[in-house]
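Here the structure is laid out as structure tokens; the discussion comes afterwards.
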Amino acid sequence: MAFALTPEREKEVDELLSRYPTKRAALIPILWVCQRQIGWVSPEVIQWVADRLELTTAQVKGVVTFYTMFHQEPVGENVIWVCRTLSCDLRGAKAIQEHLEGKLGCHAGGTSEDGKFTLLKAECLAACGQAPMVQINDDYHENLTLEEVDAILDRYASEEAAQ
Ligand code: FES
Numbered sequence: 301m302a303f304a305l306t307p308e309r310e311k312e313v314d315e316l317l318s319r320y321p322t323k324r325a326a327l328i329p330i331l332w333v334c335q336r337q338i339g340w341v342s343p344e345v346i347q348w349v350a351d352r353l354e355l356t357t358a359q360v361k362g363v364v365t366f367y368t369m370f371h372q373e374p375v376g377e378n379v380i381w382v383c384r385t386l387s388c389d390l391r392g393a394k395a396i397q398e399h400l401e402g403k404l405g406c407h408a409g410g411t412s413e414d415g416k417f418t419l420l421k422a423e424c425l426a427a428c429g430q431a432p433m434v435q436i437n438d439d440y441h442e443n444l445t446l447e448e449v450d451a452i453l454d455r456y457a458s459e460e461a462a463q
């Protein structure tokens with residue numbers, strides 16, 4: 301099925317295009333707008349963006365596959381990135397990942413059965429001074445203990461946090 305943005309997001313794209321000297325320069329923010337609508341960058345999104353920005357699908361795909369912030373497969377309502385680089389690992393990131401895997405019933409790279417959470421491993425998220433940390437959607441959660449992970453997960457699992 302062909303991809304289409306909502307009228308509000310179309311306006312957002314028009315506004316973004318007006319800010320850049322070339323259409324191509326707006327590629328990343330426009331991909332971001334599309335991902336916000338359906339949660340991932342599907343082949344239909346790649347085609348839509350390529351048509352809109354007068355690029356080839358290979359050019360768009362090259363950017364999508366380069367940046368880990370773009371999901372190339374459907375994800376859950378919330379995406380949890382567990383930082384597994386040195387500072388976080390030295391301060392318990394492995395235990396946090398395993399704890400989350402146990403709670404969510406899926407391994408890193410997977411999605412919980414209820415579709416609420418996708419668990420992913422991340423390289424350094426630039427909050428090393430507050431290790432260990434996870435990013436959930438757009439928010440950082442730092443200096444974590446396993447108890448805090450449980451409390452945060454409960455918050456996101458509730459209707460309110462899931463939005
Ligand atoms: S090592 Fe985890 S934020 Fe840098």
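Note that the working numbering has the sequence shown beginning at 301, numbered continuously upward.
Ideal Cβ placement from N, Cα and C applies to all residues, glycine included.
query	result
Identity of the residues DSSP links to L400 by a beta bridge	Note: L400 sits in no beta bridge, so no partner.
Whole beta strand (DSSP E) elements within the segment 407-438, 3-residue minimum	417-422, 434-436
Validate contact between the segment 388-396 and the segment 355-370 using beta carbons, cut 8 Å, 3 pairs	no
Beta-carbon contacts of Q430 that lie in its chain and below 6 Å, excluding the five residues immediately before and after	E442, N443
A395 Cβ short of 7 Å to the ligand FES heavy atom set	no
Nearest to G339 (by Cα), restricted to the options D438, E448, D450	D438
Inter-stretch contact (C-beta, 8 Å, three-pair minimum) for the segment 335-352 and the segment 404-411	no
Own chain, CB closer than 8 Å to I331, minus 5 neighbours either side, in chain order	A small correction: the amino acid at residue 331 is Leu; Ile does not occupy that position in the sequence shown. For L331, where only same-chain residues beyond five positions count, the Cβ hits under 8 Å are V341, V345, V349, V360, V363, V364, F370.
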